[in-house]
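In this text, residue positions in the sequence shown follow UniProt numbering: the first is 1, and each later residue adds one.
Idealized CB from N, CA, C, for every residue including glycine.
Data block below; observations after.
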Amino acid sequence: MEPNLHEWSLVPAIRAVSCIYSGVVCSGIGVCMMSWCIDKKGPLFVSVFSPLLLVIVAALSWVLLREKLCIGTLLGSLLIVMGLYCVLWGKTKEIELWKRKKSHKTQRRIWKCSDHILNFEIKIY
Numbered sequence: 001m002e003p004n005l006h007e008w009s010l011v012p013a014i015r016a017v018s019c020i021y022s023g024v025v026c027s028g029i030g031v032c033m034m035s036w037c038i039d040k041k042g043p044l045f046v047s048v049f050s051p052l053l054l055v056i057v058a059a060l061s062w063v064l065l066r067e068k069l070c071i072g073t074l075l076g077s078l079l080i081v082m083g084l085y086c087v088l089w090g091k092t093k094e095i096e097l098w099k100r101k102k103s104h105k106t107q108r109r110i111w112k113c114s115d116h117i118l119n120f121e122i123k124i125y
């Protein structure tokens, strides 16, 4: 942390403009990406990936700012990634099950239409 208070001031106009611009642009890009993700995959994916930001910040601060990584940060990051994987795995299984049930109902309807014409019954399980 910079002990000199003069370094923290936004006296030159370019500092204030750059702070406001980066805040507005980064927030705008983030909102657009979240809206796109909600539209494509649903709100679950946005809420699940929010904790992943902590992992990204820890990794980038280690790489770019040469900050030390504590064992707690590493273990927390590992738990976040494992939890993310479990949620996405479960959601994928749920979608597969839903698709199978939907295709099963569609096949059953097709056979029912044809059994009315041909006067016999075929059940698909």
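Out of the options, which has the shortest C-alpha to C-alpha gap to residue i?
i: Val46; options: Thr92, Leu84, Ala16 and Val63; result: Leu84
i: Leu54; options: Lys101, Trp36, Leu78 and Trp8; result: Leu78
i: Trp89; options: Trp62, Val48 and Ser103; result: Val48
i: Leu74; options: Leu52, Lys93 and Leu64; result: Leu52
i: Ala58; options: Ile80, Trp98 and Ala16; result: Ile80
i: Pro43; options: Trp62, Ala16, Glu96 and Lys91; result: Lys91
Which residues mark the beginning and the end of the alpha helix (DSSP H) in which residue i is found?
i: Arg15; result: Ala13 to Lys41
i: Ser50; result: Counting along the chain, Ser50 falls outside any alpha helix (DSSP H), and DSSP gives it neither H nor E.
Please confirm if residue i has its CB atom under 8 Å from at least one CB of chain E.
i: Lys41; result: Absent from the structure is chain E; it holds one protein chain and no more.
Is residue i close to the ligand MG? I mean its beta-carbon at under 7 Å from any heavy atom of the ligand.
i: Leu78; result: Judged by which ligands are present, the structure shown has none, so any question about the ligand MG falls away.
Please classify residue i as buried or exposed, where buried requires at least 16 other C-beta atoms within 10 Å of its C-beta.
i: Leu10; result: exposed
Do the segment 27-38 and the segment 69-78 make contact, defined as three or more Cβ pairs closer than 8 Å?
no
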